[in-house]
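Number of protein chains: 2
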Amino acid sequence: MTHELSIGDVAERTALSVHTLRYYERVGLLDGVDRASSGHRRYTEDDVGWIGLLTCLRSSGMPIRAMRDFAALRRGGSATAAERRALLEDHRQEVLARQEELARYLAVLDSKIAYYRGEEAAPPDGARTAVGAGSAARSRGERR
Amino acid sequence: MTHELSIGDVAERTALSVHTLRYYERVGLLDGVDRASSGHRRYTEDDVGWIGLLTCLRSSGMPIRAMRDFAALRRGGSATAAERRALLEDHRQEVLARQEELARYLAVLDSKIAYYRGEEAAPPDGARTAVGAGSAARSRGERR
DNA sequence: TCTTGACCTTGAGCGCGCTCGAAGCGCTAG
DNA sequence: CTAGCGCTTCGAGCGCGCTCAAGGTCAAGA
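Residue numbers (my numbering), protein chains in the order written: chain A, 97 to 240; chain B, 97 to 240.
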């Protein structure tokens, strides 16, 4: 009764486009998706679950490259469980760091907004108000 | 005594590259940067403050396009204060929403990690664990 | 005097993550 | 029978935010 899912079905359920699903497969995030005799992809419930996890990683800011590594480990089976866990824990730290960073920016925004409300004194358009600047330096791209 | 700053000085102080500073000017985020007789840019402390605010907006996920709008309003002087405030408040909401979203993904990650610790039962690699899926649908690009 | 280096402009290039166009096949409803 | 739709592949294209290369000017130090 597991009426194997078409790419369109999966697109609907995961809120990804069929384009993106095919793209994810191309770049190595999804492997071994079954095919019907017609050549059409047939996804299992497990595939959908895995795609859900991928979406969680992606939407929380993990780059495709790292997701690919994670997918590769998964291919390696239970022997790679510790590595996968480590990867997830690293990512968890990134997410926490990002949250904290956002909190700091929020504080800046709040003070700016307060200034515009005329409830607080602040310099004309944003001197002094900036976050550390020398603090968190380089990189990363987030998404959603 | 306000020894006007060169682009290199500002790059150092803002942790942006000189390329980025020139790019920001090109796309309309910074206007009317003074020039020395040599044609070299000379930034004021106020410029540095404004760039700090821009960096805050950018790093908290505001796209360049919206920043451009904000810069345009600023050009409009005090008459646009209310609009600028509204823009900042909208952005504040975005940041809050993003934080909450990250919190949800964090919960997923935590349960996955717990599973890998063998402390919790979870399906083989991520069925069922996904966030709402039909919830927050489209868009946005974040950064840092 | 010569060299170095920070600056200038213009325009091209890049990495990322999709997104789409073209051409074609196959199932199903009318 | 045929129209239409959803699927297939392959490769190109796009939006974003930088980033860099080329070629030139200028000013200070060895």
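All C-beta atoms in this analysis are idealised placements derived from N, C-alpha and C, irrespective of residue type, glycine included.
Can you tell me whether D143 (chain B) is buried or exposed? The criterion is at least 16 other CB atoms within 10 Å of its CB, across all chains shown. buried
With H, G and I counted as helix, E and B as strand and the rest as coil, what does DSSP make of L205 (chain B)? helix
Can you round the beta-carbon distance between H187 (chain A) and L205 (chain B) to whole angstroms, since I take them to be within the 8 Å contact cut? 7 Å
Taking the Cβ atom as the reference point for each residue, do A167 (chain B) and L112 (chain B) lie within a distance shorter than 7 Å? no
Below 7 Å on C-beta distance, what does Y201 (chain A) contact in chain B? C152, S155, S156 and V191
Partner residues on chain B for V204 (chain A), Cβ-Cβ distance less than 8 Å: L149 and C152
The alpha helix (DSSP H) that contains Y139 (chain A), what's its start and end? Taken as a continuous stretch (DSSP letters only), Y139 (chain A) belongs to no alpha helix (DSSP H), as it is neither H nor E.
Within the same chain, show all residues whose beta-carbon is closer than 7 Å to that of V114 (chain B), passing over the 5 residues directly before and after it, in chain order. I103, G104 and A107
Which residues in chain A sit within 9 Å of Y120 (chain B), going by Cβ to Cβ distance? Those do not exist, as Y120 (chain B) stays about 14 Å from chain A at its closest Cβ, beyond 9 Å.
Based on the DSSP output, what are the partners of R312 (chain A) in its beta bridges? Beyond the ends of chain A as shown, which are 97 and 240, falls residue 312 (chain A); an answer cannot be given.
Can you check whether the CB of R138 (chain A) is closer than 7 Å to the CB of D127 (chain A)? no
Any beta carbon of chain A sitting closer than 7 Å to that of E179 (chain B)? no
What's the call for G148 (chain A), buried or exposed, on a 16-neighbour Cβ count within 10 Å? buried
Three-state secondary structure (DSSP) of L126 (chain B): coil
Under 7 Å between C-beta atoms, does L198 (chain B) make it to chain A? yes
Roughly how many whole angstroms lie between the Cα atoms of Q189 (chain A) and G157 (chain B)? 19 Å
Own chain, CB closer than 8 Å to L183 (chain A), minus 5 neighbours either side, in chain order: A162, D165, F166 and L169
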